[in-house]
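Contents: one structure, followed by commentary.
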DNA sequence: ACCTGAACACCGTTCAAGT
DNA sequence: ACCTGAACACCGTTCAAGT
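Residue numbers (the working numbering), protein chains in the order written: chain A, 23 to 220; chain B, 23 to 220.
Set out below in structure tokens:
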């Protein structure tokens, strides 16, 4: 039972090349056609057969999660910048904007992200990153509440949902930036404590 | 040019039967499988060939719009009840809930509805109903604003978008009723005038 | 005028055969 | 151990042929 496939050994060179080519092709296609892009086309552009794609990424979600890895790292980096602010209210606001941008990486991305939270199956590779983002949002909310800048009834998950919603609307393309801004303002005045404006 | 197909004449009996059977089958499938349900399966259940479905409803949107007709009429009826309230603030709140229920008729419905608003092509049979709903929402918002119950910066379209969003989240199934209620409360305190609580 | 079912195209997924 | 391309299944859409 100990001589299975993926020991800590270096993967073969062509395996690494295939994986990299698949990720690059997938990102291009997700950008162009949204998360529902044809996997056949991705494999073709990466110069491999469809079965090779499935060997590397058994589900569309697995491929999506791998492509999103880079963006997640950007989000973590952003968190450090935000921490420097000091102001809990402004920190929460900026975090929500960063979340929204992350969700807007590809058109149609909010859908599988919500599904990942719904199913709560450990085999969905998107569940873990989502849970982390929800937890982080909750931390920002708590900090803002302690500083008197957010209503006590608001939870991190609520604002996570609000951010996904805005991203979904943005991705649907039915709306100009002005409407989005009004929607963001509406959400903001929804979670803010009225008096704590200093 | 005047002896075309659909004059005011009565359609043949089998045509009426087919149309009715298609609508019934479509509603069942949309309820079970969401708006992306297999049209092939719909035709099969209605006892007709796929081409007959396409003759009656050239696009998925056309079929969807026809199935939604009944629900739209329910919404209009609801409007009359709401008008009896007198209270502009409560009227707006109830209208938004009615909208949300309408959008939740089938899973995945928010998607094509947003697309209809985006494309603004007259051949999309969902565009007209959506535009009407937006206009109606705007009337409720204006009335609430006149009564001092809604912020002047809010537009009907904003709250229309908010209602679609809540329906989308509800339809994604990732969320319990409590979270939805908190989200609705957040939106409400977002558009309400703080002082005008009487 | 309307219907039918076969036909075509496209894509996700798997499997037998290669190296 | 990994790759390949053929094969299968499913579905949306159209077309030639019927009545």
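Built from N, CA and C at the ideal position, the CB exists for glycine as well.
Less than 9 Å divides the Cβ of residue 215 of chain A from the Cβ of residue 173 of chain A. Within chain B, 201, 204, 205, 208 have C-beta atoms less than 8 Å from the C-beta of residue 180 of chain A, given in sequence order.
Taking a cut-off of 8 Å for Cβ pairs, the stretch 104–119 of chain A and the stretch 79–89 of chain A do not touch, as fewer than three such pairs fall below it.
Taking the CA atoms as reference points, residue 204 of chain B sits about 19 Å from residue 190 of chain A. In the three-state scheme derived from DSSP, where H, G and I count as helix and E and B as strand, residue 172 of chain A is classed as strand. Secondary structure note for residue 40 of chain A: its alpha helix (DSSP H) is the uninterrupted segment 35–55. If you draw a straight line from the Cα of residue 34 of chain A to the Cα of residue 147 of chain A, it is about 24 Å long.
At a cut-off of 9 Å between C-beta atoms, residue 183 of chain B counts as an interface residue with respect to chain A. With a 10 Å radius around the Cβ and a threshold of 16 neighbouring Cβ atoms, residue 149 of chain B comes out buried.
Measuring C-alpha to C-alpha distances from residue 180 of chain A to each of B:123, B:206, B:159 identifies B:206 as the nearest. Just so you know, the alpha carbons of residue 52 of chain B and residue 46 of chain A end up roughly 36 Å apart.
Classified as buried, residue 111 of chain B has 16 or more neighbouring CB atoms from the shown chains inside 10 Å of its CB.
By the C-beta criterion, the stretch 121–141 of chain B is judged to be in contact with the stretch 49–67 of chain B, since at least 3 inter-stretch pairs fall below 8 Å. Rounded to the nearest angstrom, the Cβ distance from residue 78 of chain B to residue 44 of chain B is 6 Å, consistent with a contact under 8 Å.
Under the Cβ criterion of 9 Å, residue 163 of chain B is not counted among the residues facing chain A. Per DSSP, reduced to three states, the secondary structure at residue 214 of chain A is strand.
Residue state for residue 105 of chain A is assigned as helix, using DSSP reduced to three classes.
When the Cα atoms are used, residue 99 of chain B and residue 106 of chain B turn out to be separated by approximately 12 Å. Distance from the CA atom of residue 109 of chain B to the CA atom of residue 159 of chain B, rounded to whole angstroms, is 15 Å.
Per DSSP, the unbroken alpha helix (DSSP H) holding residue 140 of chain A starts and ends at 132–141. Assignment of residue 192 of chain B by DSSP, reduced to helix, strand and coil, places it in the helix class. For the pair residue 185 of chain B and residue 196 of chain B, the Cα-to-Cα distance works out to about 17 Å. For residue 66 of chain B, the uninterrupted alpha helix (DSSP H) segment begins and ends at 61–68. Under the Cβ distance rule, residue 216 of chain B counts among the residues neighbouring chain A, one pair being separated by less than 9 Å.
Straight-line measurement puts the Cα of residue 73 of chain B at about 44 Å from the Cα of residue 201 of chain B. Residue 187 of chain A and residue 89 of chain A have their C-alpha atoms roughly 22 Å apart. Residue 71 of chain A places its beta carbon less than 9 Å from that of residue 65 of chain A. Closest option to residue 135 of chain A, judged by alpha-carbon separation, among A:151, A:76, A:39: A:151.
The C-beta distance from residue 178 of chain A to residue 212 of chain B rounds to 17 Å, too long to fall under 8 Å, and the pair is not in contact. Within the model, the alpha-carbon separation for residue 153 of chain B versus residue 140 of chain B is close to 11 Å. In this structure residue 132 of chain B is not in contact with residue 170 of chain B, their Cβ atoms being roughly 31 Å apart against a cut-off of 8 Å.
Contact check for residue 48 of chain A against residue 59 of chain A passes: the beta carbons are separated by less than 9 Å. Identification of chain A residues near residue 212 of chain B by a Cβ-Cβ cut-off of 7 Å yields 208, 209, 211, 212, ordered along the chain. Distance between residue 176 of chain A and residue 208 of chain B, taken at the CA atoms: about 8 Å. For residue 157 of chain A, the closest of A:183, A:61, A:198 by C-alpha to C-alpha distance is A:183. Within the stretch 106–133 of chain B, not one residue has a Cβ closer than 7 Å to any Cβ of chain A.
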